[in-house]
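Counting in numbering that gives the first Met the number 0, the first sequence runs from 0 upward without gaps. Glycine included, every Cβ here is placed at the ideal spot set by N, Cα and C.
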Amino acid sequence: MTSSPATRRILDCLRNGQPDETVTVKGWVRTKREQKKFTFAEINDGSSLKGIQVVIDASVPGYAEAVAAMNTGASVAIDGKLVESPAKGQRIEMQASAIEVFGSAAEDYPLQKKRHSFEFLRTIAHLRPRTNTLGAVMRVRNACAQAIHEFFREREFLWVHSPIITASDCEGAGEMFGVSTFDPTKIPTDKEGKPDYSKDFFGRPAYLTVSGQMEAEIMATAFSNVYTFGPTFRAENSNTSRHLAEFWMVEPEMSFCDLEGDMNLAEEFLKYIFSYVMKHCPEDMEFFNQRIDKEAIARAENIINNEFERLTYTKAVELLENCDRKFDYPVEWGIDLQSEHERYLAEEVFKKPVILTDYPTEIKAFYMRLSDDGKTVRAMDVLAPGIGEIIGGSQREERLDVLERRIVEAGLPKEDYWWYLDLRRYGTVPHAGFGLGFERLVQFMTGMGNIRDVIPFPRTPMNADF
RNA sequence: UCCUCAGUAGCUCAGUGGUAGAGCGGUCGACUGUUAAUCGAUUGGUCGCAGGUUCGAAUCCUGCCUGGGGAGCCA
C-alpha cells in the first residue's frame with residue numbers, strides 16, 4: 000500500500016473526485032469521531048485546508064486495532080472509494096476498505112483540536128505546520144513565491160542568484176553577521192592586537208549579505224532586466240512583529256528604466272501576486288478572512304482593482320502638516336517619516352497603497368539618483384495599509400562624477416566601490432529597481448500579525464531553535 | 001536597545017495574604033451519520049527562577065530569566 004501509484008492528493012479528491020472512484024489517500028489524522036458501529040476520521044495531507052472525511056465501517060479488516068491506533072496526529076494510508084456524503088459539511092467523503100497506520104501519536108501530542116496561541120506554536124515549530132493556520136500560511140507563502148517567478152518570467156527577467164556570503168559592506172543597510180572559520184578562543188592577531196583576517200578562510204572579513212541589489216545592478220548591465228529572490232540577513236537587535244534576522248527579499252533591477260517605470264513595475268507586481276493567490280488559494284484566503292483578519296479579502300480586492308496613489312514626499316509633508324491629526328512626532332520637510340505618518344496616509348487618507356517619491360537627499364542612500372533640484376533623490380516607497388513600507392526602490396545614480404561625489408559626501412571609502420563605479424565607466428545606463436520584503440508581503444496577504452508566523456523557522460535575536 | 005504587559009495543570013485561563021481551581025486535552029465508558037461531535041467518570045501542579053517581608057506568600061518587595069505588545073532601525 001505504501002508504494003501505491005494510485006495515491007491521490009486530498010485536494011484533488013475534494014475538488015475533482017467523483018462517486019465510486021477507488022483511491023488511496025495518505026496523511027495525518029486531524030480528528031476522529033468513534034460511533035458505535037463505525038468511525039469518522041478527518042485526514043489531512045497538507046494539500047488543502049480541509050481534510051477528507053473517511054468513514055470506517057466496523058467490517059473493515061483490523062477495525063478495532065486500526066481505529067485505536069489512529070488518534071489525532073497519527074499517520075495513515077487508507078484505501079477506499081469516494082462516495083457522495085449524505086450529511087452536510089462536505090460534497091464527497093471516502094468509504095474505507097483498508098487501513099494502514101504508519102505511526103500513532105503518543106499521548107502527549109501537543110496539538111489539540113482547539114485554538115492554540117501563536118506564542119505556544121512557536122515553541123513547537125516542528126509540529127505547527129500541521130495546524131490549520133500555519134498550513135494555510137505556508138501554502139499562501141508558496142503561491143506568492145511562484146507568482147513572483149511567473150511574473151518575472153512573463154516579462155523575460157533573468158533570475159540571478161546573488162551571493163549569500165559577501166566581502167563588501169557596500170550598502171551599509173544594517174549590522175552584518177560575520178562569517179569566519181576562526182576558533183573564537185584563539186583568534187590570530189596582527190601587531191596592533193586586532194584580528195588578522197588575512198589568516199581567515201577568505202583572507203579578509205566576510206559577512207552574510209544584507210541585500211543583493213548591487214550584484215543585481217551588475218547583472219542588469221548585461222541582461223537588461225533581472226531579479227534576485229533569496230535570503231538576506233540583518234544582525235540588528237530588532238524585536239518587533241515586522242523584523243527577522245533572516246528574511247527573504249525580492250529585488251528587481253531594470254536597465255534603461257527610470258523611476259516612473261520602476262513604480263509601474265512595483266504596482267503591477269503587487270496586483271499580480273494578489274490576483275495569483277486569490278486564484279490559487281481561495282480556501283486559504285477565505286480562512287484568513289474568517290479567522291485572522293476580516294479585511295483580508297477586501298484588502299486583496301482593493302489592491303487588485305485600484306490604482307495606487309502616487310505623490311511626492313513634499314506633497315505628503317504638506318498634507319500631514321495641514322491635517323487635523325495630532326502626531327507624537329511633529330512633521331516638517333526633511334525628516335524621515337515615522338510609522339504613524341506613513342500609516343495615516345495609507346490607512347486613513349487614501350485607504351489604499353500609496354507610493355511616495357522624491358525624498359530629501361539626506362535621508363536616503365548615496366546610490367539614489369540626484370534630481371536637478373539638488374535637494375531630492377529619485378526614490379520611492381510603497382506604503383501599505385496595516386504594514387507600512389512594503390517596497391523601497393529608486394532610480395540609481397548612473398552619472399560617474401555625481402556618484403563619486405556622493406560616495407565621498409557620505410563618508411564612504413571610494414576604493415571599496417571600484418567595481419560599482421566601473422559600471423558607470425563602461426556603458427552606463429539609466430536604471431532602477433526596488434526591494435520587497437517577502438515575509439512582509441505574506442503578512443500583508445494573510446493579515447497575520449507577527450512576521451515569525453509567516454516563515455517556517457524564524458530567526459530573531461536570542462532565538463535560532465529548530 | 002528603550003517603554004510596557006505577562007509567566008499558575010499538556011493547552012487557554014480564573015484565583016490579589018489563610019486547604020491550588022475551571023474549561024479544553026489525555027485515559028476509561030456510553031451513544032445508529034458525526035463535523036473542534038455529544039454525554040458520564042477519571043487523570044493531571046517545583047504557581048518562571050533566586051532571595052526577602054510575614055505566624056502564614058501563587059498573591060506583597062528586590063533581582064534575574066523567558067514571552068507578548070509598542071518604539072527606534074528597517075524590508
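Collapsed DSSP secondary structure at residue i in the structure displayed
{"i": "E397", "result": "coil"}
{"i": "S161", "result": "coil"}
{"i": "Q52", "result": "strand"}
{"i": "M253", "result": "strand"}
{"i": "G79", "result": "strand"}
{"i": "T184", "result": "coil"}
{"i": "L411", "result": "coil"}
{"i": "R309", "result": "strand"}
{"i": "Y419", "result": "helix"}
{"i": "F101", "result": "strand"}
{"i": "N288", "result": "helix"}
{"i": "S2", "result": "A caution first: S2 carries a pLDDT of 49, below 50, which makes its placement in the model unreliable, though a value can still be read off. Coil."}
{"i": "I406", "result": "helix"}
{"i": "T375", "result": "strand"}
{"i": "Y358", "result": "strand"}
{"i": "T445", "result": "helix"}
{"i": "V59", "result": "coil"}
{"i": "D199", "result": "coil"}
{"i": "E245", "result": "strand"}
Beta-carbon proximity of residue i to residue j, cut-off 8 Å
{"i": "T220", "j": "E250", "result": "no"}
{"i": "I91", "j": "I42", "result": "no"}
{"i": "Q394", "j": "P429", "result": "yes"}
{"i": "F437", "j": "I390", "result": "no"}
{"i": "L13", "j": "S58", "result": "no"}
{"i": "A244", "j": "R458", "result": "yes"}
{"i": "T493", "j": "K31", "result": "Here the chain covers residues 0 to 465 and nothing more, so residue 493 does not appear."}
{"i": "D357", "j": "T311", "result": "yes"}
{"i": "G102", "j": "S84", "result": "no"}
{"i": "T445", "j": "A297", "result": "no"}
{"i": "N70", "j": "A104", "result": "yes"}
{"i": "T180", "j": "D195", "result": "no"}
{"i": "D261", "j": "M367", "result": "no"}
{"i": "P352", "j": "V381", "result": "yes"}
{"i": "D354", "j": "F443", "result": "First, the residue type needs correcting, since residue 354 is Ile and not Asp in the sequence shown. The answer is no: Cβ separation not under 8 Å."}
{"i": "N449", "j": "F117", "result": "yes"}
{"i": "W332", "j": "V348", "result": "no"}
{"i": "W27", "j": "R154", "result": "no"}
{"i": "L399", "j": "R377", "result": "no"}
Endpoints, the beta strand (DSSP E) within which residue i is located
{"i": "K31", "result": "21 to 33"}
{"i": "K363", "result": "Note, K363: premise wrong, no beta strand (DSSP E); not H, not E."}
{"i": "M218", "result": "M218 -> not in any beta strand (DSSP E); alpha helix (DSSP H) instead, spanning 212 to 222."}
{"i": "Q17", "result": "Per DSSP, Q17 belongs to no beta strand (DSSP E) and is neither H nor E."}
{"i": "H430", "result": "430 to 436"}
{"i": "Y206", "result": "205 to 207"}
{"i": "A40", "result": "37 to 43"}
Cutoff 7 Å; reference residue i; Cβ partners in own chain excluding five residues on either side
{"i": "I217", "result": "L422"}
{"i": "V89", "result": "Residue identity differs from the one stated: residue 89 is Gln in this sequence, not Val. So the list reads Q52, once near-sequence residues are dropped."}
{"i": "M447", "result": "V136, I291, V453"}
{"i": "F222", "result": "L157"}
{"i": "Y108", "result": "T71, G72"}
Other residues of its chain near residue i: CB distance less than 6 Å, five sequence neighbours each side excluded
{"i": "T1", "result": "Residue placement at T1 is poorly supported in this model, since its pLDDT is 48, which falls under 50; the coordinates still yield a value, given next. Excluding residues within five positions, none has a Cβ falling inside 6 Å."}
{"i": "E174", "result": "A234, E235"}
{"i": "F326", "result": "E339"}
{"i": "L319", "result": "V330, H340"}
{"i": "T427", "result": "E397"}
{"i": "Q337", "result": "Y328"}
Contacts around residue i, its chain only, beta-carbon distance under 8 Å, and the 5 residues preceding and following it disregarded
{"i": "D19", "result": "K80, L81, V82"}
{"i": "P4", "result": "Any answer about P4 is weak, because its pLDDT of 49 lies below 50 and its placement is not dependable; what the coordinates show is given next. Contacts found: none."}
{"i": "E388", "result": "E341, D380, V381, L382"}
Residue i, enclosing alpha helix (DSSP H) - first and last residue
{"i": "E64", "result": "62 to 68"}
{"i": "I296", "result": "295 to 304"}
{"i": "N263", "result": "258 to 279"}
{"i": "G134", "result": "131 to 153"}
{"i": "E341", "result": "338 to 342"}
{"i": "L120", "result": "117 to 122"}
Integer-rounded CB distance, given that residue j should sit under 8 Å from residue i
{"i": "F176", "j": "L207", "result": "4 Å"}
{"i": "V159", "j": "A215", "result": "6 Å"}
{"i": "S274", "j": "G229", "result": "Incorrect: roughly 24 Å between the Cβ atoms, too far for contact."}
{"i": "R451", "j": "R127", "result": "11 Å between Cβ atoms; not a contact."}
{"i": "L420", "j": "L435", "result": "Not a contact, Cβ separation roughly 27 Å."}
{"i": "Y271", "j": "F150", "result": "5 Å"}
{"i": "I98", "j": "G61", "result": "7 Å"}
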